[in-house]
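Asks: Chains B and V supply the protein sequences, listed in that same order. Just so you know, the first sequence maps onto residues 1 to 114 in the numbering used here. Just so you know, the second sequence maps onto residues 115 to 230 in the numbering used here. Beta carbons: idealized from backbone N, C-alpha and C, even for Gly. Predicted model only: the values in this text are computed from it and were never measured. Supplied in structure tokens, the structure appears directly below.
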Amino acid sequence: NAGVTQTPKFRILKIGQSMTLQCAQDMNHNYMYWYRQDPGMGLKLIYYSVGAGITDKGEVPNGYNVSRSTTEDFPLRLELAAPSQTSVYFCASSDLTGKSSPLHFGNGTRLTVT
Amino acid sequence: AQSVTQLDSHVSVSEGTPVLLRCNYSSSYSPSLFWYVQHPNKGLQLLLKYTSAATLVKGINGFEAEFKKSETSFHLTKPSAHMSDAAEYFCVVSEEPGGGADGLTFGKGTHLIIQP
Chain B
1 NAGVTQTPKF
11 RILKIGQSMT
21 LQCAQDMNHN
31 YMYWYRQDPG
41 MGLKLIYYSV
51 GAGITDKGEV
61 PNGYNVSRST
71 TEDFPLRLEL
81 AAPSQTSVYF
91 CASSDLTGKS
101 SPLHFGNGTR
111 LTVT
Chain V
115 AQSVTQLDSH
125 VSVSEGTPVL
135 LRCNYSSSYS
145 PSLFWYVQHP
155 NKGLQLLLKY
165 TSAATLVKGI
175 NGFEAEFKKS
185 ETSFHLTKPS
195 AHMSDAAEYF
205 CVVSEEPGGG
215 ADGLTFGKGT
225 HLIIQP
């Protein structure tokens, strides 16, 4: 199984440009998440989804949007890129078993905004 | 509210010697606790988890962790380090009753360096 697949792996954006980070999982997981990882800061939750058609904000949602039209896909949209959005972005998924359910992560997208 | 503190940002050990990565947490409820490992340019991978069963938890690659409620700690250990253990390690706490990973709090990570 592929697990969680993220594309692209790397991207450089100019300030004000927009882009969509793609995430797909083939494990039929209901929960999906977007995190950003900044050096020495751990992971911060941007948005999450508990199922198709349902999304909610995490800790740092400003400047981002998401949609969940299918169980498999959970794209993250940056509308007006800013240097503060330079980060490594991780998509993750888990099944519907509550607080003890582990996360399955993709390999990340490294984004630079200049 | 919950929080997690990884007490060392960097740990350096020689190959073949024991590894100790320290994690303290605070939680108002009975937490679930996790250790994840991140190798360079990769996503995080689950090493082990504690969910109120046995307090000594065994994970993959010879790692284990002990949940000590009285000390609010969940330290990660391995008897003998291998070069392939060099990576970033994250301690994670979840206390949201019935909730998913929106209730997770990540530590800031410990970078494990293995000296040959």
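1) So with CB distances below 7 Å, who are the chain V contacts of Leu-43/B?
2) Would you report the Cα separation of Ser-166/V and Glu-180/V, rounded to the nearest angstrom?
3) Under 8 Å, CB to CB, which of the residues in the stretch 45–78 of chain B have a partner in chain V?
4) In chain V, what lies closer than 8 Å to Gly-40/B by C-beta?
5) Between Phe-188/V and chain B, is the shortest Cβ-Cβ distance under 8 Å, so that the two count as touching?
6) Can you tell me which of the three DSSP states Ser-184/V falls into?
7) What distance in whole Å lies between the Cβ atoms of Ala-92/B and Thr-71/B, which are believed to be in contact at a cut-off of 8 Å?
8) Measure from the alpha carbon of Ser-117/V to the alpha carbon of each residue in Leu-134/V, His-189/V, Pro-145/V, then state which is nearest.
9) Under the three-state reduction of DSSP, which class applies to Met-19/B: helix, strand or coil?
10) Residues of chain B with CB closer than 9 Å to the CB of Phe-204/V, please, in chain order.
11) Taking DSSP as the reference, what is the three-state secondary structure of Leu-198/V?
12) Taking only beta carbons into account, state which residues of the stretch 155–179 of chain V come closer than 8 Å to chain B, listed in chain order.
13) Are the beta-carbon atoms belonging to Pro-102/B and Leu-170/V less than 8 Å from one another?
14) How would you write the range of the beta strand (DSSP E) that Gln-159/V sits in, first residue to last?
15) Should Ala-81/B go down as buried or exposed, given a rule of 16 or more other Cβ atoms within 10 Å for buried?
Replies: A quick look at the data gives this:
1) The residue given as residue 43/B occupies position 43 in the first sequence. Those are Phe-220, listed as they occur along chain V.
2) Along the second sequence, read from residue 1 onward, the residue named residue 166/V stands at position 52. Along the second sequence, read from residue 1 onward, the residue named residue 180/V stands at position 66. About 11 Å.
3) Leu-45, Tyr-48, Val-50, Asp-56, Gly-58
4) By 1-based counting over the first sequence, the position of residue 40/B is 40. By Cβ distance, chain V contributes Ser-123, Lys-222, Gly-223.
5) The residue given as residue 188/V occupies position 74 in the second sequence. Taking Cβ atoms only, chain B never reaches closer than 8 Å to Phe-188/V, which makes this a no.
6) In the second sequence, the residue the question calls residue 184/V occupies position 70. Note: Ser-184/V maps to coil in three-state DSSP.
7) Counting from 1 along the first sequence, the entry for residue 71/B is found at position 71. Counting from 1 along the first sequence, the entry for residue 92/B is found at position 92. Contact flag wrong, Cβ pair sits at about 15 Å.
8) Counting from one through the second sequence, the residue named residue 117/V turns up at place 3. The shortest Cα separation from Ser-117/V among Leu-134/V, His-189/V, Pro-145/V belongs to Pro-145/V.
9) For the purposes of this step, residue 19/B is taken as the residue at position 19 of the first sequence. Note: Met-19/B maps to strand in three-state DSSP.
10) As a position in the second sequence, residue 204/V is number 90, starting the count at 1. Neighbours of Phe-204/V on chain B, chain order: Gly-42, Leu-43.
11) The sequence position of residue 198/V within the second sequence is 84, counting from 1. A quick correction: the sequence has Ser, not Leu, at residue 198/V. Helix at Ser-198/V.
12) Asn-155, Lys-156, Gly-157, Leu-158, Gln-159, Leu-160, Lys-163, Thr-165
13) In the first sequence, counting from the first residue as 1, residue 102/B sits at position 102. In the second sequence, counting from the first residue as 1, residue 170/V sits at position 56. No, the pair does not count as a contact, with Cβ atoms beyond the cut-off.
14) The count along the second sequence starts at 1 and reaches residue 159/V at position 45. Per DSSP, Gln-159/V belongs to the beta strand (DSSP E) from 158–164.
15) Along the first sequence, one-based indexing puts residue 81/B at 81. Result: buried.
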